[in-house]
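Everything on this sheet refers to the single structure shown next.
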Amino acid sequence: MSKINLMEEAIKIRKSAYVPYSKFPVGAALKTKSGKIYTGCNIENAAYTVGCCAERVAIFKALSEGENEFIEMAVAADTERPVSPCGACRQVMSEFFNKNMKIYLTNLNQETKVVKMEELLPYSFGQRDLFSS
Ligand code: THU
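According to my numbering, the sequence shown is numbered sequentially starting from 20.
Shown next as structure tokens:
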């Protein structure tokens, strides 16, 4: 599956988003080393803070199926510029993605910004900080 296909999957899965509050559907598509694609959409809740972003849904779906090696991800929303993942998702990504992994941020016109994990969350807090003292 090409970069374009991965972005198309991210755009498509927005249809499943549950967004009665923000009305802002987001889609994500995550490709594993084994070649599988896990998609995710945002799922909100009347208790706003317990909703979950599309990126984390896709990552948690994959992890729960035993997949933990990822090679690329696409994220899509109806934004003017390519969508920018929130800080919480960046932190989750940094736990599971290597620093050179590419993330394709896109909008519905498929205007795309390609970023590496380390660009999305530089100087991130991680496992090594917890266990370094
Ligand atoms: N959201 C995502 O799912 N991913 C992003 O990259 C940005 C924000 C969701 C959270 C919430 O459901 C809605 O978009 C508005 O913030």
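Every residue gets a Cβ at the ideal spot worked out from N, C-alpha and C, and that includes glycine. A quick note: this is a predicted structure, and the numbers were derived from the prediction, not measured.
Buried or exposed: where does residue i fall if 16 or more other Cβ atoms within 10 Å of its Cβ makes it buried?
i	result
C72	buried
C60	buried
E99	exposed
R147	exposed
P39	exposed
F89	buried
K55	exposed
Measure how close the beta-carbons of residue i and residue j come, nearest whole angstrom, since I'm counting them as under 8 Å.
i	j	result
K31	G46	7 Å
L140	K132	Contact doesn't hold; Cβ gap of about 15 Å is too wide.
Within 7 Å: the Cβ of residue i and any heavy atom of the ligand THU?
i	result
S41	yes
N126	no
G106	no
N119	no
A73	yes
E63	yes
V69	no
Shorter than 7 Å, the distance from the beta carbon of residue i to the closest heavy atom of the ligand GTP, or not?
i	result
E114	Because the ligand GTP does not appear in the structure shown, any question about it cannot be addressed here, the ligands present being the ligand THU.
| At least 3 beta-carbon pairs within less than 8 Å: the region 25-40 vs the region 53-69 | yes
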